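Taking it in order: structure first as structure tokens, then the write-up.
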Amino acid sequence: MVHLLVLAVAFVLGAAGARDPGHQAHDLSSHPSPVANLGKNLPTQVSPRLARATSDTGALLCGTNEVCLDGSCCGPLGICGYGPDFCGAGCLNNCDAKAMCGIYSEGGTEKCGMNLCCGAAGWCGTSETHCIGPDYWPCQEGYGSCQIVQPPSCDANAGSAEGRRIGYYQSWNVRDRVCMKVAPSDIQTANYTHLYFSFASIDPDTFAVVPANAGDVALMYEFTALKSSTLQTWIAIGGYSFSDPGPTHTTWSDMVSTQARRAAFIQSLIVFMQAYGFQGADLDWEYPVDEKRGGRKGDSANFALLVKEMRQAFGAQYGISLALAPDYWYLRYFDAKAMEPYVDWFGFMAYDLHGSWDSDVGALGSIVRGQADVREIYNNTMPLWYAALNPAKINFGLAYYGRGYTLANPACNTLGCGFTGPNKPFPCTAYPGVMSLAEGEKFARDNGITPKLLAGAMMKELTWDDQWVGYDDHETIEMKMRFASGLCFGGTMAWSIDFNSGAGSGLEPPVTTDGTCGAVNGNTVCGNGFGNCCSASGWCGDSAAHCGSGCQSGECLTGFVTTDGTCGAAHGDSICGNWAAGGCCSSSGFCGSSDAHCGTGCQSGCDGKGGNNTSQTNFTTRRWMTPSPRLWT
């Protein structure tokens, strides 16, 4: 049993989904990179194994009232695992849990997606803990590979990743962004080989491809007019929000489930591409099989059938690509090897590994981590090689934006420090926790701030006051392109070019001319004698009603008691007070009394009494706020 306890440590489910507190399921052990021994330099703060583990073996601990962070059984000795030693007699809690793979999985039939090794303890992984290593601890044969796979290695100077350069374009930026709006005609197309218009939608009843917004029709014609002999324009379909709860929550899964529905989708897609002049289609399904994302069992095989049937219908006339998840929790459900013969290439989304949502994930917590730390990305690429994918058919993801935090202690302002919530909104993206590359560079210039290079992570950090943002700029993007070339990737893809295509509509938000303001009034801000605060109802003024709770932009008051149930760093540092739902301000900025509100990531009132941890409870402090429209789908 002792050996099984040691083997059980390798998997702790952490947060790494694009734009969501998803789960990262393979461990952070690594093998030498052709560029650097990245895994050996991984900061301990990045590892989810920090949380509730023994110092000698790393085994996850639990108790009668403390469940296992990885969802496994809490064994009699207070150690997490699967099988009769943990889930049988004396089990303390969660005793019906099933392993990720192997004999203790559901029905004893679950294999490791992407052909990872199934370790004796029932976790999928890529290290000696899961595969047959030097000490020959058992790998469960028949549930995946049992051999450690080495990553591909190429000369980084050969520049294989420069073969394709793809840029996604967020069409809604024209409607929703406060400033720096980038129309298709504003796109700086130099050095790109392909541009992807994001996103088209799928009708949940007919499964026909349709514009996601009526305003996209004119934009798509403007977009495809950019194509040339050296630049193709494709349509991307789906996106993360497409699979959120709502009318299209299960549309991907519904569509691929029968041959007739797949045929309807494919034929409509051909008509759609012909009508607007697109030359290929990128499938952005986030994500198959996972029930929370609208998936169900059978999606993996059905998705592979869809791609095969698309190629049969397209021939060589149209291109096909699809996006791959950056974290194994979701990636395991892609049968990428079965789809490889039919796609032109895959796109590996090597970003959004971390964000302020980490507060809600017990294995991670409110610790500053880079959303695109290359040391973590390196380990996340390992399943690609276990699946024996051709790296020449994979594009490496690049982020033209940063993610950041409001620091718990301004004196601790780098990776591994604590945070209380997302960073404050920037003027144009106007969304907590996010900064576009263009506005970040402008902010640094205007304020005389010198970004710091974190060479090991291949990223920059920007710090001021109690704010921290990690991001990539032109220097670190070049570093990552060399890194990708060292792993033989065949190209890159950037999310998204409108974050890095100049000023577009202008560098500052438009100022009101009639006293109206905010999201329903073209994202205008106050000024011109109408007052300094934009109220929740969209009117400019200087009173507490304008500058207090719900204030959208301007010199908004901070430290007040909420009047609408929102709170925290993203809402003027407001506190919950005696709000009916509870006095704790959650990491996501809502008042309540549950463990999710008062526990990990709680911003204020964490004793449930509604107070402010900094005792700032009056209307005497002002902070410049910017409006917060939707950032992306």
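Going by mature numbering (1 follows the signal peptide of the UniProt record, and there is no 0), the letters in the sequence shown line up with residues -18 to -1, 1 to 615, in that order. Heads up, the beta-carbon is just placed ideally off N, CA and C, and yes, glycines get one too. Fair warning: this is a prediction, and the values are worked out from it, not measured in the lab.
Residue closest to residue i, alpha-carbon to alpha-carbon, out of the options
i, options, result
"phenylalanine 465", "Ala307, Cys113 and Asn361", "Asn361"
"threonine 215", "Leu397, Cys56 and Tyr178", "Tyr178"
"valine 416", "Cys50, Phe481 and Thr474", "Phe481"
"tyrosine 222", "Gly497, Met364 and Tyr312", "Tyr312"
"lysine 434", "Phe408, Leu397 and Pro414", "Leu397"
"glutamine 449", "Leu419, Tyr324, Pro414 and Gly504", "Pro414"
"alanine 320", "Val356, Ser341, Ala283 and Asp340", "Ala283"
"methionine 441", "Pro392, Gly468, Arg385 and Cys410", "Arg385"
"lysine 209", "Thr175, Val192 and Glu88", "Thr175"
"lysine 406", "Cys584, Thr388 and Cys99", "Thr388"
"alanine 437", "Val343, Val356 and Ala200", "Val356"
"residue 647", "Met461, Trp234 and Gly90", "The first residue shown for the chain is -18 and the last is 615, placing residue 647 beyond what the model contains."
"cysteine 128", "Gly141, Asn139, Ala257 and Gly101", "Gly101"
"glutamate 358", "Val191, Met255, Val271 and Asp334", "Asp334"
"proline 66", "Tyr86, Val350, Val343 and Gly60", "Tyr86"
"alanine 143", "Thr445, Leu539 and Glu460", "Glu460"
"serine 338", "Gly403, Cys55 and Cys77", "Gly403"
"asparagine 173", "Thr212, Asn195 and Ala245", "Thr212"
"tyrosine 383", "Asp168, Lys375 and Leu419", "Leu419"
Pair within 7 Å by beta-carbon distance, residue i and residue j
i, j, result
"proline 308", "proline 134", "no"
"lysine 80", "tyrosine 125", "no"
"serine 556", "glutamine 152", "no"
"glycine 565", "cysteine 558", "yes"
"arginine 146", "glycine 379", "no"
"arginine 275", "serine 225", "yes"
"threonine 548", "glycine 571", "yes"
"valine 131", "tryptophan 367", "yes"
"isoleucine 114", "cysteine 106", "no"
"asparagine 97", "alanine 305", "no"
"alanine 393", "phenylalanine 401", "no"
"tyrosine 203", "glycine 262", "no"
"alanine 345", "leucine 51", "yes"
"phenylalanine 205", "proline 166", "yes"
"phenylalanine 189", "arginine 243", "yes"
"glycine 352", "alanine 439", "yes"
"serine 303", "valine 325", "yes"
"methionine 162", "cysteine 529", "no"
"cysteine 399", "valine 343", "no"
"glycine 63", "leucine 43", "no"
"valine 191", "leucine 251", "yes"
"isoleucine 148", "asparagine 377", "yes"
"tyrosine 503", "glycine 520", "The residue you asked about is not tyrosine; residue 503 is asparagine in the sequence shown. Contact flag set, yes."
"cysteine 69", "cysteine 56", "no"
For residue j and residue i, believed in contact at Cβ under 8 Å, the rounded distance
i, j, result
"glutamate 443", "glycine 430", "With 8 Å as the limit, glutamate 443 and glycine 430 do not qualify as a contact, their Cβ atoms being about 16 Å apart."
"alanine 354", "alanine 332", "6 Å"
"glycine 220", "aspartate 266", "4 Å"
"cysteine 136", "cysteine 470", "4 Å"
"glutamine 534", "glycine 509", "With 8 Å as the limit, glutamine 534 and glycine 509 do not qualify as a contact, their Cβ atoms being about 14 Å apart."
"aspartate 447", "glutamate 423", "In fact, because the Cβ distance is near 19 Å, the residues do not count as touching under 8 Å."
"residue 616", "serine 517", "No statement about residue 616 is possible, as the shown extent of the chain runs from -18 to 615 and does not include it."
"cysteine 573", "threonine 544", "6 Å"
"alanine 426", "valine 160", "Wrong, their Cβ atoms sit about 19 Å apart, outside the cutoff."
"alanine 140", "serine 467", "6 Å"
"glycine 95", "arginine 278", "About 15 Å separates the two Cβ atoms, so there is no contact after all."
"alanine 476", "tyrosine 150", "7 Å"
"methionine 364", "threonine 108", "5 Å"
"serine 569", "glutamine 585", "7 Å"
"proline 270", "phenylalanine 247", "Incorrect: roughly 15 Å between the Cβ atoms, too far for contact."
DSSP beta-bridge partners of residue i
i, result
"glutamine 170", "According to DSSP, which records beta bridges pairwise, glutamine 170 is partnered with nothing at all."
"cysteine 567", "Cys573 and Ser586"
"arginine 351", "In DSSP, arginine 351 forms no bridge with anything."
"serine 210", "Leu213"
"leucine 380", "Ala476"
"tryptophan 521", "Thr498"
"threonine 46", "In the DSSP output, where bridge partners are listed per residue, threonine 46 has none listed."
"valine 543", "Ile557"
"methionine 417", "Gly384"
"cysteine 99", "Gly107"
"proline 404", "Tyr387"
"alanine 193", "It is worth fixing the name first, because residue 193 is proline in this sequence and not alanine. BP columns for proline 193 point to Ala182."
"leucine 306", "Phe330"
"valine 493", "Val507"
TODO: Any chance you could list the beta strand (DSSP E) runs of at least 3 consecutive residues sitting entirely within the region 228 to 296, in chain order?
DONE: Counting only runs that start and end inside the region 228 to 296, the beta strand (DSSP E) elements of at least 3 residues fall at 262 to 266.
Task: Runs of alpha helix (DSSP H) wholly within the region 110 to 190 (minimum 4 residues, chain order) - done: DSSP runs (the alpha helix (DSSP H)) wholly in the region 110 to 190: 155 to 158.
Open item on the list: Just to confirm the assignment: which complete beta strand (DSSP E) runs, minimum length 3, are found wholly within the region 421 to 455?
Closed with: For the region 421 to 455, whole beta strand (DSSP E) runs of length 3 or above, ordered along the chain, are 434 to 436, 441 to 446 and 449 to 453.
TODO: At 4 residues or longer, and completely inside the region 56 to 97: list those alpha helix (DSSP H) runs for me, N to C.
DONE: As far as the region 56 to 97 is concerned, its whole alpha helix (DSSP H) runs of at least 4 residues are 66 to 69.
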